[in-house]
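*Asks:* Position in the sequence shown counted from 1, then plus 53, gives you our numbering.
Every residue, glycine too, gets a C-beta built ideally from N, C-alpha and C.
This structure is a prediction, so every number in the text was calculated from the model and none was measured.
Let me give you the structure first, and then I'll get to my questions.
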Amino acid sequence: MWKLVIEDDEAKRTSVPLTRDDYTIGRKEGNTIRLTERNVSREHAKIHKANGAHPPSHGATPDSPFVLEDMNSYNGVYVNGLRVAQPQKLQHGDLIQIGDYRIVLQDEALTDAEVSNNATTQDMKSTVPTGVVSRASLLLERPNRLVMLAGPTPGAEFPLDNERTTIGRAEDCTISVNHNSVSRLHCEVHSLGEGRYEVVDKGSSNGVRVNGSDLRRSIIEPGDIIELGDVRFRFVGAGQIFLPGVGESQQLEAIPDRPPTSIRPGAPAGGSPLLPFVIVGALVAVIVVGGFWFMQQRNNQNRESTEHTQPDDPEQIALQAAKKECDEGNCDLAHDRLVAKIDKKSPLRQTSDYQNIETRWADYMLQQADKEMDVGKKRRMLRDVQGTDTVPQPRRNIAAAKLAELDAATSATNPIPTNTNPTPSATHTQTVPTNTTTTTATATQPTATATATHTARPSGGGSVFSQAQSLSLSGDNSGARALLEPRVFGSGHATSDEINLLRGICKAQHDKSCTAAIAQKYPQ
C-alpha cells in the first residue's frame with residue numbers, strides 16, 4: 054500500500070494511507086489532507102492516480118501510480134528540492150515540500166524491507182528508503198550550513214561542522230570570501246551545541262547585520278540572514294531544504310567589488326596626467342545634469358496623491374494582493390504578505406488600505422486567542438497583536454489586558470513544574486454518507502501541546518543573570534525565562550547580559566513573539 058509520511062517544522066509526523074483516487078491538499082477545511090500552517094494556500098496541491106499505472110519489475114525503483122499538481126499556490130510545491138511547474142509523476146521515496154511541511158511518498162512493501170533494521174529510529178531520514186539513491190535522502194542529510202545569497206559565489210554552501218568557524222577575506226579563514234567589503238577576519242561563528250550557533254563580529258570595518266540589525270554578537274537560527282558588508286548569507290538548519298527564489302531574502306545575486314573610494318590624480322595610466330582631471334570634470338557635469346533632471350521628475354511626482362504609486366510598484370502590488378486576500382477571509386495571510394513585502398519606512402503603511410488590513414487581522418487574532426485552549430499559543434497570538442506597531446492602539450491595549458489576565462490566571466493556579474515529552478497524535482478519518490458513494494478522507498496535521506510552567510528558583514546566592522544562565526546551561530530554558538522575563542519586560546532595569554540571554558532562549562524555543570517583544574522594548 055502507498056502512503057504519505059507528513060512531517061511539520063517541529064518534527065511531528067503523520068502517516069496517511071493512499072486509498073483513494075484523488076487527494077486535495079491545503080489549509081482550507083474540506084481538503085482531503087489539511088495542512089494548517091499559514092504558508093500553505095487554501096487550495097495548495099492535488100495528488101491523483103495516473104492512467105496506465107503498472108507495477109514495476111522485481112528490484113526496480115518503482116514509479117507510483119500517483120501524479121502531483123500545483124493548484125496555483127502562492128509559495129509553490131517542491132519535489133526533491135525542485136519547484137513543480139507542471140503535473141509530475143511521483144516515485145517511491147520522493148520528498149515533497151509544501152510550506153513548512155515535508156512529505157515523503159512510500160510504498161509500504163518496499164519500505165518494510167528497507168528499514169527493518171532501523172524500525173525503532175525516530176529520525177525523519179529513516180522515512181526515506183535506504184535502498185533507493187534519491188535526491189530526497191541527500192537533501193535531508195545536509196548539515197547546518199551557510200548559503201551565500203549575494204556575493205562572489207551565490208548559491209555556494211558552507212557547512213558549519215567546526216566548533217569555531219572563521220569568515221573573512223583572508224585565505225586561511227574557514228570560509229574565505231573574496232570581496233573588498235569583507236574584512237580579512239570579519240567574524241566568527243561559534244557552535245553552542247544542540248544546533249545553536251552564535252555569530253561574533255571580530256572588529257570588522259563594515260560590521261555584521263543579522264536580519265537587518267547591526268550586532269556585535271547574536272545567536273542565529275535557521276532562516277536568519279547574516280550580512281557581512283555587501284555579502285549576504287542565509288543560515289539553513291540541518292536536514293532543511295534551501296529553495297532559492299521563494300522569498301525576496303533568498304534571491305541569489307552575484308555582486309562586484311565596491312568601487313574605489315578615491316581617485317588618485319596624476320597616477321600613471323599611459324596618457325596625459327591631466328586625463329584624470331578631465332574624467333572627474335566630465336563625471337561632475339553628468340552628475341549635475343542628472344541631478345537636475347531627477348529633481349524635475351521628483352517635483353512632477355510630488356504633485357500626485359501621496360497614496361498613488363505606479364501600477365508596477367511591487368509594494369503597491371503586494372498591498373492590493375493583501376487587500377484581496379483579507380476580503381476573501383484570509384487576513385492572516387494578508388498580514389504576513391504586508392510584513393514580508395512592504396518596507397517599514399514605506400508611506401503605504403499610513404494608507405487606509407494598510408491600516409484596515411492590520412485592524413481586521415488584529416480582530417481575527419483576538420478572536421482566535423479567545424478560542425485557543427493551549428495557553429502557550431494563546432499567549433503568542435496576543436503578543437503578536439500587542440507587539441505590532443501598525444495595529445491601532447485600542448487593539449493593542451486589548452491584547453495587553455488579555456495577556457495580563459492570562460498571566461494572573463497562570464500565577465493563581467501555581468502549577469507543579471513538569472517535563473513532558475508529548476507524543477504527537479494524528480487523525481485520519483473517512484466518512485461515508487448514507488445515501489452517496491462519495492468518500493471524504495481528512496488527514497489533519499496534528500498539533501502537539503507541551504506546557505511546562507516553572508515557579509521554582511535555584512537556591513543559593515548569585516545574580517539573576519548567573520542563576521538564569523546556570524538553568525539554561527542545564528537545559529531548563531523555561532526556568533531561566535521565568536527568572537528573566539520579570540526583569541526584561543517588567544522592571545525595565547535588566548542588564549544587557551540578561552536581555553541577550555533571554556533573546557537567545559526565545560530564539561532556541563522558536564518563540565518569535567518573545568523575540569519581537571524584546572526587539573520592540575530594547576531596539577538595538
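Kindly indicate which three-state DSSP category Met201 falls into: helix, strand or coil?
*Replies:* Of the three classes helix, strand and coil, the one that applies to Met201 here is strand, per DSSP.
*Asks:* So does the stretch 368-375 actually touch the stretch 339-352, counting three or more Cβ pairs closer than 8 Å?
*Replies:* No, they do not touch.
*Asks:* From Leu457 to Leu435, what does the alpha carbon distance come to, in whole angstroms?
*Replies:* One detail in the question is off: residue 457 reads as Ala in this sequence, not Leu. So the two alpha carbons sit approximately 10 Å from each other.
*Asks:* Thinking C-beta only, is Asn128 closer than 7 Å to Gly152?
*Replies:* Cβ atoms of Gly152 and Asn128: closer than 7 Å.
*Asks:* Quick one: what does DSSP say Thr72 is sitting in, helix, strand or coil?
*Replies:* Reduced to three states, the DSSP call for Thr72 is coil.
*Asks:* Could you work out which residue in Glu247, Val242 and Gly292 is closest to Leu281 when comparing CA atoms only?
*Replies:* Residue Val242 is the option with its Cα nearest to Leu281.
*Asks:* Once you ignore the five residues that flank Tyr76 on each side, which residues in its own chain have a CB closer than 6 Å to its CB?
*Replies:* For Tyr76, where only same-chain residues beyond five positions count, the Cβ hits under 6 Å are Thr85, Ile86 and Ile100.
*Asks:* Using a Cβ-Cβ cutoff of less than 6 Å, which residues in the same chain neighbour Thr227 once the five nearest sequence positions on both sides are dropped?
*Replies:* Taken in chain order, the residues that qualify are Thr218 and Thr219.
*Asks:* Considering Gly246, what are the terminal residues of the beta strand (DSSP E) in which it resides?
*Replies:* Cys240 to Gly246 is the span of the beta strand (DSSP E), which, as asked, contains Gly246.
*Asks:* For Ile451, which residues from the same chain have a beta carbon less than 7 Å from its beta carbon, with the 5 sequence-adjacent residues on both sides left out?
*Replies:* The answer, listed in chain order, is Leu419.
*Asks:* Would you say the stretch 88-99 touches the stretch 121-136, given that touching needs at least three Cβ pairs under 8 Å?
*Replies:* The stretch 88-99 vs the stretch 121-136: in contact.
*Asks:* State buried or exposed for His239, treating a residue as buried only when at least 16 other CB atoms are found within 10 Å of its CB.
*Replies:* His239 comes out buried.
*Asks:* Quick check on Ser399: does DSSP put it in helix, strand or coil?
*Replies:* Note: Ser399 maps to coil in three-state DSSP.
*Asks:* Could you check what DSSP says for His388 in three-state terms: helix, strand or coil?
*Replies:* DSSP places His388 in helix when its eight states are reduced to three.
*Asks:* Could you check what DSSP says for Tyr417 in three-state terms: helix, strand or coil?
*Replies:* If DSSP states are grouped into helix, strand and coil, Tyr417 belongs with the helices.
*Asks:* Within a Cβ cutoff of 6 Å, which residues of the same chain sit near Val200, ignoring the five residues on either side of it in sequence?
*Replies:* Hits under 6 Å: Glu210, Arg287, Val289 and Phe295.
*Asks:* Report the residue from Gln139, Tyr407 and Phe119 whose alpha carbon sits nearest the alpha carbon of Val157.
*Replies:* Closest option to Val157, Cα to Cα, is Phe119.
*Asks:* Tell me where the beta strand (DSSP E) around Gly532 begins and ends.
*Replies:* Run containing Gly532: none in the beta strand (DSSP E); it sits in the alpha helix (DSSP H), Asn530 to Glu538.
*Asks:* Span of the beta strand (DSSP E) holding Gln144?
*Replies:* First-last of the beta strand (DSSP E) with Gln144: Gln141 to Gln144.
*Asks:* According to the Cβ coordinates, are Arg155 and Glu60 closer than 7 Å?
*Replies:* Yes, Cβ-Cβ distance for Arg155 and Glu60 is below 7 Å.
*Asks:* Taking Phe542 as part of the beta strand (DSSP E), name the residues at either end of that continuous run.
*Replies:* No beta strand (DSSP E) holds Phe542; DSSP gives it neither H nor E.
*Asks:* Taking the alpha-carbon positions, what's the Val235 to Ile308 distance?
*Replies:* Approximately 13 Å, taken between the alpha carbons.
*Asks:* What are the residues that DSSP puts in a beta bridge with Leu121?
*Replies:* Paired residues: Ile100 and Gln141.
*Asks:* Mind checking which residues open and close the alpha helix (DSSP H) that includes Glu581?
*Replies:* The structure shown does not extend to residue 581, since the chain is modelled only from 54 through 577, so no value can be given for it.
*Asks:* What does the alpha-carbon distance come out to for the pair Arg249 and Leu555?
*Replies:* Approximately 14 Å between the Cα atoms of the pair.
*Asks:* In its own chain, which residues sit with a C-beta less than 7 Å from the C-beta of Ile558, not counting the 5 before and 5 after it?
*Replies:* Contacts found: Ser525, Asn530, Ala533 and Arg534.
*Asks:* Decide if His563 is buried, meaning its Cβ has at least 16 other Cβ atoms within 10 Å, or exposed.
*Replies:* That one is exposed.
*Asks:* From which residue to which residue does the alpha helix (DSSP H) around Gln522 run?
*Replies:* It spans Val517 to Leu526 - the alpha helix (DSSP H) in which Gln522 sits, taken as one unbroken run.
*Asks:* Measure the alpha-carbon distance for Ser566 versus Asn409 and round it to whole angstroms.
*Replies:* Near 22 Å, if we compare the C-alpha coordinates of Asn409 and Ser566.
*Asks:* Among the residues of its own chain, which have a CB less than 6 Å from the CB of Ala291, if the five just before and after it don't count?
*Replies:* So the list reads Pro196 and Asn197, once near-sequence residues are dropped.
*Asks:* Roughly how many angstroms lie between the CA atoms of Asn92 and Val438, to the nearest whole one?
*Replies:* Between Asn92 and Val438, the C-alpha separation is close to 19 Å.
*Asks:* Counting along the chain, where does the alpha helix (DSSP H) carrying Asp61 start and finish?
*Replies:* Where Asp61 is concerned, there is no enclosing alpha helix (DSSP H), given that its DSSP letter is neither H nor E.
*Asks:* What number of angstroms, rounded off, separates the C-alpha of Ile395 from the C-alpha of Asn233?
*Replies:* Taking the straight line from one Cα to the other gives about 30 Å.
*Asks:* State the CB to CB distance for the pair Lys560 and Ile332, rounded to an integer number of angstroms; the pair is presumed to be in contact (CB under 8 Å).
*Replies:* With 8 Å as the limit, Lys560 and Ile332 do not qualify as a contact, their Cβ atoms being about 50 Å apart.
*Asks:* I need the straight-line Cα distance from Asn383 to Gly79, nearest angstrom please.
*Replies:* Going by the C-alpha atoms only, they are around 13 Å apart.
*Asks:* Taking only three categories from DSSP, how would you classify Arg582?
*Replies:* Coverage of the chain is limited to positions 54 through 577, which leaves residue 582 absent and any answer about it impossible.
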